[in-house]
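Residue numbers (my numbering): 232 to 372. Just so you know, even glycine gets a beta-carbon here, dropped at the ideal spot from N, CA and C. Note sheet for the following structure.
As structure tokens, this is what we get:
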């Protein structure tokens with residue numbers, strides 16, 4: 232019989248959240264200290280906003296966001312994926328888990344999407360539509 236995840240389908244368990252945060256912190260510290268011998272990673276600031284861990288704890292997907300280097304996102308994600316074995320070994324020593332999750336790195340598009348939505352909401356067409364609705368609501372009162 233399988234156990235359902237808390238909070239419904241797709242919601243991570245407390246354990247997944249805790250392990251994800253520990254993985255995020257460990258990778259961030261490793262990159263901050265410059266332990267990875269890659270010039271691209273050592274010369275750029277890389278933020279890791281989130282790490283998602285699968286329910287079986289075998290795979291951890293780290294979402295990364297290079298700061299201040301537009302256009303280099305793909306190269307930095309590729310560099311991190313090249314060094315994922317080293318980072319996994321460091322992670323195993325830092326966390327002391329029985330089985331260390333395999334690492335995957337993906338570019339975090341959350342901020343790009345938020346900027347796109349913000350730009351759409353501030354476009355003249357949307358502002359006009361909102362103004363028209365406000366004017367109509369005032370007339371109805």
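DSSP beta-bridge partners of residue i
i, result
"residue 260", "In DSSP, residue 260 forms no bridge with anything."
"residue 288", "DSSP, once it has assigned bridges, lists no residue as partnering residue 288."
"residue 333", "290"
Selected residue, minimal CA-CA separation from residue i, among the options
i, options, result
"residue 336", "306, 247 and 324", "306"
"residue 342", "321, 260, 295 and 361", "295"
"residue 320", "266, 350 and 249", "266"
C-alpha distance - residue i paired with residue j, whole-angstrom precision
i, j, result
"residue 359", "residue 345", "21 Å"
"residue 218", "residue 275", "Outside the displayed span of the chain (232 to 372) sits residue 218, for which this structure offers no information."
"residue 282", "residue 326", "15 Å"
"residue 242", "residue 284", "11 Å"
"residue 279", "residue 340", "12 Å"
"residue 262", "residue 322", "12 Å"
"residue 338", "residue 330", "25 Å"
"residue 350", "residue 324", "44 Å"
"residue 308", "residue 362", "43 Å"
Distance CB(residue i)-CB(residue j) smaller than 8 Å
i, j, result
"residue 260", "residue 289", "no"
"residue 301", "residue 244", "no"
"residue 298", "residue 258", "no"
Cβ pair count under 8 Å reaching 3, the stretch 302-314 against the stretch 349-365: no
So does the stretch 240-254 actually touch the stretch 264-272, counting three or more Cβ pairs closer than 8 Å? no
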